[in-house]
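Student: Positions 2 to 172 (the numbering used here) are the ones given, in order, by the sequence shown.
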Amino acid sequence: MYVFIFTTVVIGFACAGVVMLLFRLLGRKVPKYVIPFVAAIGMFVYMIWDEYSWFDRYAARLPDSINIVQTFADESVFAPWTLISAPVDRFTAIDRDKIIPNPNNPGQKRVTTLLLKKGIETLALNHLVDCNAGQRGYITAQTKLDDNGFPVTIEEWFAMADDDPLRSVCN
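This is the structure in structure tokens:
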């Protein structure tokens, strides 16, 4: 977050500096309103570029084993351009190398999902996916595990819809 703010301010100063240099090279005096206007426009353009390119830049840096299974784009009235085309600002990913099938029940798999959002720390959630029953449950710190590292019981199971991103681990 601090890097974004610092970069935005630097962009503003750089835009103002370029305008001042251009006016100086032309031998003209800069009108008072031009420098802050150009700095504001430069910062505004940078913020929009950063917002719309964040997902592509971040996804390109992920290892090949990470599969993005769901993306979310949020609209905001405070950023009216998002009402036309909302940028992706968070996504869910699964590391295919870390999917562990249960040796006692091959239809069950332990999966770690990564929830990533721009400007927020990454959240990792552990799930037990029962492909045969079409349900999933959370593995928490309180969950009792067997010798293989799989839950003995899950407190609450959730039915997986046909479009549930965790269904992709069943293939």
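The beta-carbon is built from N, C-alpha and C at its ideal position, and this holds for glycine as well. Remember, predicted model here, so these are calculated numbers, not experimental data.
Under 8 Å Cβ to Cβ from glycine 120, same chain only, skipping five residues before and after it: list those, please.
Tutor: The residue you call residue 120 lines up with position 119 of the sequence shown. Result list for glycine 120: Met2 and Phe5, in chain order.
Student: Compute the Euclidean distance between the alpha carbons of valine 1 and isoleucine 12, then round it to the nearest angstrom.
Tutor: The structure shown does not extend to residue 1, since the chain is modelled only from 2 to 172, so the question has no answer here.
Student: For the alpha helix (DSSP H) that contains phenylalanine 79, what are its first and last residues?
Tutor: Within the sequence shown, the letter at position 78 stands for residue 79. From DSSP, phenylalanine 79 is part of no alpha helix (DSSP H); its letter is neither H nor E.
Student: Look at the Cβ atom of isoleucine 155, then the Cβ atom of leucine 117, and state whether they are nearer than 8 Å.
Tutor: Here the question's residue 155 lines up with position 154 in the sequence shown. Here the question's residue 117 lines up with position 116 in the sequence shown. Not in contact: isoleucine 155 and leucine 117 (Cβ atoms no closer than 8 Å).
Student: Which complete beta strand (DSSP E) runs does the stretch 38-116 hold, if anything under 3 residues is left out?
Tutor: 67-74 and 89-96
Student: If I'm right that threonine 114 touches threonine 83 with Cβ under 8 Å, what's the distance once you round it to whole angstroms?
Tutor: Numbered from 1 along the sequence shown, position 113 holds the residue referred to as residue 114. Numbered from 1 along the sequence shown, position 82 holds the residue referred to as residue 83. At roughly 26 Å, the Cβ-Cβ gap does not stay under 8 Å, so threonine 114 and threonine 83 are not in contact.
Student: Asparagine 133: beta carbon under 7 Å from a heavy atom of the ligand ZN?
Tutor: As for the ligand ZN, it is missing from this structure, which has no ligand bound.
Student: State the Cα-Cα distance for the pair proline 81 and phenylalanine 7, rounded to the nearest angstrom.
Tutor: As a first step, residue 81 must be located in the sequence shown, where it is residue number 80. As a first step, residue 7 must be located in the sequence shown, where it is residue number 6. If I take the Cα positions, the gap works out to 24 Å.
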